[in-house]
Every structure is written in C-alpha cells, then in structure tokens.
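Everything below concerns the one structure shown next.
Residue numbers (UniProt numbering): 1 to 373.
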C-alpha cells in the first residue's frame, strides 16, 4: 500500500502526486457504492418532488407556508450534497479502477475539487442553521397560533437572507486554503491544508453546531410544553411536522458531538478515528435522506400531493368537492364533501333539496360532523 505524506512546506500551486492502491475487494467496494448511491439518489429524488410540489401548489397550501419555504431551501442543499456524493465523492472512493485514470487531473489545484469541497461544507453548515429556523418556526406555530403567520410574513425574507450568509462562516478558511486529493483506501477523497491552522473545518462546524444545539433544545422544550397544553384535535395538525423537525435536529446534534472528537481529540486517540469516520458518514447520510422520507411518511396530505393520490373514492352517482382551510396555522385541514343526487337528497319544508356536507379531518381521516344546508 502506498503512503501519502503531505509535505511540511509546499506552495499553493505545487502538485501533490500519489500512487493509487490496489483494491483486493473490488466487488465489495462496488456493492458499497451501489447501496449508498441508491439511498442518496432516493433522498435527492424525494426532495426534488417535495420542492416541485411546493412550487406547483395552488393557493396558499404550501407556497405561503413559512415552514415549507424554509424546508425548500434546506432541501435544495440536501439535493446538492446527495448528488455531489454520488457523482464525485463516493464515486472516486468506491469505484477504485477510476483512481489511476482520474486522480492525475487533480494533483495540482483544481476549481472542481475546490468547489466540491467548499460547497459540501457550505451545504452542511446551511442545514445546521436551517434546523434552528425550522425549530423556531414550529415553536412559534405552537405557542403563537394567532400571530404565527403575521410574524413570519415579516421575518421570512430576512431569515432566508441570513440563512444563506451564515454558512460562509464555516467555509471561509477552505476558500483561502489549498484543497487537494489524497488516497482513501484504493480510491481517493478530497481534503484541504488550512491556511489558518486554528480555524479547522471541524472546529468551525463545532462552533455552529453548538449554537444550534443550545437554541434547538430551548425551542424543543417550549414546543413540547406548548403542544401539551393544546386541545387534542388541534394538536394533531402540527404533530407530524414537529416530530420530523425534532428528529432532524437530533441528527444535527449527533453530528456536533462527533465534531468534538475531530476538533480536539483526534490527535490523542487515533485508534477510533476510523470508527468515527464511518459513524459521521452514516450520520451525514441520514441528515440528507431522513428529512424527505420522514416528512412524506408523517404528513398524509403532502404524501397525497407528492404522489398524486386521491383523497376520497367517489361513486358514479355522487359528486365530491374538497376544500382545505388554512386560515390559521393550527387550524384543522377540513375536507368538505358534498354527496347526493336528485333521487336521494333530503328536502326541507318547501321542497328544496338539501345539500349534505361531511366535514372530515384531513390529518386523521376522521368524520367530524354532518351538515345539511
């Protein structure tokens, strides 16, 4: 196995060549790539469908919902990370026959590797901050139901601008540092030599994750307390989004704890570095795959809209009209179904046909009441 040693002193433009290692377990590497590429592509595809559904939605169902706007920004970053890993990062780690062919193109500084590495860490920092704002959004929705929409109409644009600026605090040292490739097993991966040694990417991620951890814990406690004081019927409307948001926040917290090792302990305990690298890779993937899956599984209405599923089976002799109420952020989504025909409709005192309206809770599917008008 060839060894790659980074020179103690080298200029920014110096080439850093190495010889690729032989892979005695090529079938295993190919299988690993196939598995990881499959779920990463699945996550990217589901995020794309969710974003498409949000932008194509009519009225205010999704496009005027501040949570879904925040999730859209987060999803776009997730799509980039997943595709970048499938078609660059994991590709050159596991498809090892490509190493001796492709690696010489990146021995010298390359815009491709710089953009890939900086953009991945920018997206990761973006997702960390998005957890803060999505958790805050869920908290205000629960504890300020009457003011939630008005509040977010005022702050949504500044929040989005801030969300795109803050991750620059994670990658600024990468932008001014040398990005290079080094052997990784029988393939290669991307790394960097920091221009400012104290500002390592692990430390910068840790600082931002710590801020995220403190704020999300506060928002989580307040949100849970708020949900506990709401009526059961109203609580179900927000429970699914809150659960998904909290799980995504927990994943970010685990990522933060692993960053503590790489920032402070990696030099002293190199024996567990390999295990934690595998762990952080798994957490990294789960952060970019769980979000869309969890949101679709937990939200029945979003699932129906994404996959174009019919809400109500209609009979040939009846007509169905569904309307959804979103006037308040905590209001129930009510499906009002008009059933009946000329021969079965009820009539009032003066012989006029009555319309039978059935109110159905769209989140639980339960029939709430019958209304005759």
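Glycine included, every Cβ here is placed at the ideal spot set by N, Cα and C.
The structure displayed is predicted, hence computed values, not measured ones.
| request: Pick out the complete alpha helix (DSSP H) segments inside the stretch 164 to 195, 4 residues or longer, and give them in chain order. | output: As summarised for the stretch 164 to 195, the continuous alpha helix (DSSP H) elements at least 4 residues long and confined to that stretch are 168 to 175, given in chain order.
| Looking at the structure shown, is residue 16 part of a helix, part of a strand, or coil, going by DSSP? | It is coil, neither helix nor strand.
| query | With burial defined as no fewer than 16 other Cβ atoms inside 10 Å of the residue's Cβ, what is the status of residue 77: buried or exposed? | reply | buried
| request: Could you please give the first and the last residue of the uninterrupted alpha helix (DSSP H) stretch that includes residue 223? | output: 201 to 228
| request: Decide if the stretch 40 to 47 is in contact with the stretch 246 to 260; the criterion is three or more beta carbon pairs, one per stretch, under 8 Å apart. | output: no
| said: Can you confirm whether the stretch 180 to 200 touches the stretch 17 to 35 when touching is taken to mean that 3 or more C-beta pairs between the two stretches lie within less than 8 Å? | reply: yes
| said: Please tell me whether residue 75 and residue 292 are closer than 8 Å, where the distance is taken between their beta carbons. | reply: yes
| query | Around the Cβ of residue 104, are there at least 16 other Cβ atoms within 10 angstroms (buried) or fewer (exposed)? | reply | Exposed is the call here.
| request: Give the straight-line distance between the Cα atoms of residue 268 and residue 202, rounded to the nearest whole angstrom. | output: 16 Å
| Segments assigned alpha helix (DSSP H), at least 4 residues, entirely inside the stretch 70 to 122 | The stretch 70 to 122 contains these whole alpha helix (DSSP H) runs: 90 to 94, 99 to 102.
| Within-8 Å CB hit, residue 198 to chain B | Considering every chain present, this structure includes no chain B. It has just one protein chain.
| request: Assuming residue 287 and residue 240 form a contact by the criterion Cβ under 8 Å, report the distance between their Cβ atoms to the nearest whole angstrom. | output: Actually they do not touch by this definition, with Cβ atoms about 19 Å apart.
| What residue from 300, 149, 228, 224 has the CA that sits closest to residue 413's CA? | No statement about residue 413 is possible, as the shown extent of the chain runs from 1 to 373 and does not include it.
| request: Return the residue from the list 64, 122, 224 that minimises the CA-CA distance to residue 157. | output: 64
| Which first and last residues belong to the alpha helix (DSSP H) in which residue 270 is found? | Segment: none, residue 270 is in no alpha helix (DSSP H) and carries neither H nor E.
| field | First and last residue of the uninterrupted alpha helix (DSSP H) at residue 55 | value | 26 to 56
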